[in-house]
Amino acid sequence: MIVNIILGFIIPWALSLIILKKNIKIIIIFAPFASMVAFMINDIGTSLGFWDLEPIINEDESASALPLNLGTFPAIACLMLYLLLHSNINRIILIISTSIFLATVEAICKAVGYCHYSNGWNIFYTFLSYLTALLLVYLYEQFVIKLLSISN
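Take the position in the sequence shown, starting the count at 1, then add 164; the result is the number in the numbering used here.
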């Protein structure tokens with residue numbers, strides 16, 4: 165589990181905080197939502213038996229995903245939002261590229277035995293789940309921007 169914490173939580177947030185130190189509002193506003201999306205998708209996937217993560221702690225599969233739900237996904241989602249807000253990169257290309265990056269990281273984790281697929285799940289479905297999650301985060305970001313512009 166210590167590897168999950170270091171690779172799934174500490175490293176992603178350390179890198180994100182270095183990059184986003186002058187834009188901490190992105191983390192404060194969007195990381196909780198991104199984390200909620202990660203919890204929701206991981207809980208659905210594990211409860212339907214599509215994947216499981218190692219190590220399983222006290223038969224609680226969601227505990228293994230905790231560093232990822234609180235670390236990797238929200239950190240990467242915040243970096244993606246930062247790029248969306250502060251660069252000229254096409255939004256669709258950036259969301260798809262981020263989904264491909266996350267699916268590639270997961271494919272590596274699968275290859276070394278940190279996650280296992282079953283019931284017909286595969287890396288393409290993983291890509292689609294990341295794409296869906298990142299689209300939800302993007303739509304939330306658009307909602308917040310619109311909400312803040314109304315309140316001014």
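Yeah, the Cβ is synthetic: ideal placement off N, Cα and C, and Gly gets one too.
Would you kindly report the start and end of the unbroken alpha helix (DSSP H) that includes LEU217?
Per DSSP, LEU217 belongs to no alpha helix (DSSP H); it is in the beta strand (DSSP E), 215-217.
Buried or exposed: where does SER251 fall if 16 or more other Cβ atoms within 10 Å of its Cβ makes it buried?
exposed
ALA202 beta carbon less than 8 Å from that of PHE237:
yes
Could you pull the start and end residues of the alpha helix (DSSP H) that TYR246 belongs to?
237-250
Cβ neighbour criterion (16 or more within 10 Å) applied to THR296
exposed
Of the residues ILE240, LEU312 and ASP207, which one's Cα is nearest the Cα of LEU184?
ILE240
Leaving out the 5 sequence neighbours to the left and right, which residues in its chain are closer than 7 Å to ILE287 when beta-carbon positions are compared?
ALA267 and ALA271
Cβ pair count under 8 Å reaching 3, the segment 188-199 against the segment 298-314
yes
In this structure, how does DSSP classify TYR278 when only helix, strand and coil are distinguished?
Coil, per DSSP.
Can the beta-carbon of CYS279 be found less than 8 Å from the beta-carbon of ASP216?
For CYS279 and ASP216, yes; Cβs fall inside 8 Å.
Classify SER293: buried if its beta carbon has 16 or more other beta carbons within 10 angstroms, exposed otherwise.
buried
For LEU171, does the three-state DSSP call read helix, strand or coil?
helix
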